Amino acid sequence: MRDKSIRAFLLAGLLLAAPAVVCVWRMDRFALHLAMNGFHDPFLDSLFPVVTEFANGWVPTALALLMLAISWRAFLMVGLSTGLGAVVVQFLKQVVFSGHDRPSMFLDHMPGLPLVAGLDLHHHFSFPSGHSTAAFSMCLALAVVIGRQVPAVALALAAGLMAYSRVYLSQHFTEDILAGASIGCASGTVVYMLLYRGRWRLNQALDRSPWRRQNQ
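So the sequence shown is numbered by the numbering used here: it starts at 214 and just counts up by one.
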């Protein structure tokens with residue numbers, strides 16, 4: 214069942230990403246950013262700052278701790294997936310692609326770009342998107358823990374919404390969130406292979422919950 218759930222998640226994520234990949238390939242990045250921001254209204258302006266917070270670092274941390282109520286394996290699935298993704302994305306941001314600036318540095322190239330009032334726009338370290346990495350690694354890990362296809366697809370859609378929020382809020386370009394999503398999916402898949410397909414799959418101690426043992 215877990216094999217099917219991770220496949221469903223990855224397939225749904227691929228279907229979400231495919232049109233954006235084509236647009237990044239074919240369109241000017243500033244024209245694409247304007248197009249991706251062509252749906253602003255007061256409701257969405259208030260919604261997406263909330264949506265984007267679900268991909269902040271404290272959410273995966275809290276979720277990983279909650280997984281201890283299920284098992285050590287569930288805790289490690291969420292914690293290692295999001296942790297590995299975070300390490301990779303920060304290395305790429307700070308070392309490899311440190312010169313990539315965010316949309317706020319190119320506002321003169323995008324006249325008429327709608328911005329959310331009162332939002333603090335970041336300026337540097339745009340590529341890849343850390344929030345998108347966190348969203349996809351966290352949601353993929355949760356899909357594996359649940360082990361069912363329909364929730365896996367729903368979680369992929371939720372991750373996509375969190376990633377898109379970064380473009381809607383003009384904190385990232387589309388290529389940033391695509392790269393972040395790819396890193397998140399890759400990190401989650403690596404940890405899945407380790408915990409559920411590799412040598413650790415036979416470790417029964419990982420299927421215990423420290424909370425349950427303490428309460429018995």
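From the three backbone atoms N, C-alpha and C, an ideal C-beta is built for every residue, glycine too. Since we're looking at a predicted model, the values are computed, not measured.
Residue span of the alpha helix (DSSP H) that contains residue i, given as start and end
i: A230; result: 215-239
i: I359; result: 343-359
i: H246; result: 242-249
i: S378; result: 362-381
i: D258; result: 255-266
i: I396; result: 387-405
i: F304; result: 285-304
i: P327; result: Taken as a continuous stretch (DSSP letters only), P327 belongs to no alpha helix (DSSP H), as it is neither H nor E.
i: V272; result: 271-279
Outcome for residue i when other beta-carbon atoms lying within 10 angstroms are tallied against a minimum of 16
i: L382; result: buried
i: P232; result: exposed
i: L227; result: exposed
i: N416; result: exposed
i: L353; result: buried
i: R315; result: buried
i: P273; result: buried
i: G312; result: exposed
i: S378; result: buried
i: M214; result: exposed
i: Q429; result: For Q429, the predicted structure reports a pLDDT of 47, less than 50, and the residue's modelled location is therefore unreliable. The matter cannot be settled from this model.
i: F256; result: exposed
i: G401; result: buried
i: Q427; result: Interpretation of Q427 is limited by its pLDDT of 49, a score under 50 that renders its predicted location unreliable; no figure is taken from the coordinates.
i: A418; result: exposed
i: E388; result: buried
i: L279; result: exposed
i: R410; result: exposed
i: R286; result: buried
i: V357; result: buried
Proximity to residue i [Cα-Cα], best of the options
i: L320; options: V404, Q384, V403; result: Q384
i: K217; options: C236, Y405, F386; result: Y405
i: H344; options: G373, L332, L355, V366; result: G373
i: L328; options: G270, F261, L407; result: F261
i: H336; options: H322, S350, M323, M318; result: M318
i: F340; options: A230, A277, V301, L281; result: V301
i: A348; options: L326, A299, I359, F386; result: A299
i: F310; options: A392, D258, M375, L276; result: A392
i: A221; options: M240, F267, L370; result: L370
i: F252; options: G325, A230, R361, G296; result: G325
i: C398; options: V234, S294, R414, T387; result: S294
i: Q303; options: D241, L278, F338, D333; result: F338
i: F386; options: A225, A244, W271, L224; result: A244
i: D258; options: A330, L276, K306, L281; result: A330
i: V291; options: A367, W271, V263; result: W271
i: K306; options: M240, L334, L408, S342; result: S342
Closer than 7 Å: residue i CB and nearest the ligand COA heavy atom
i: A299; result: Among the ligands in the structure shown, none appear at all, so the ligand COA cannot be discussed.
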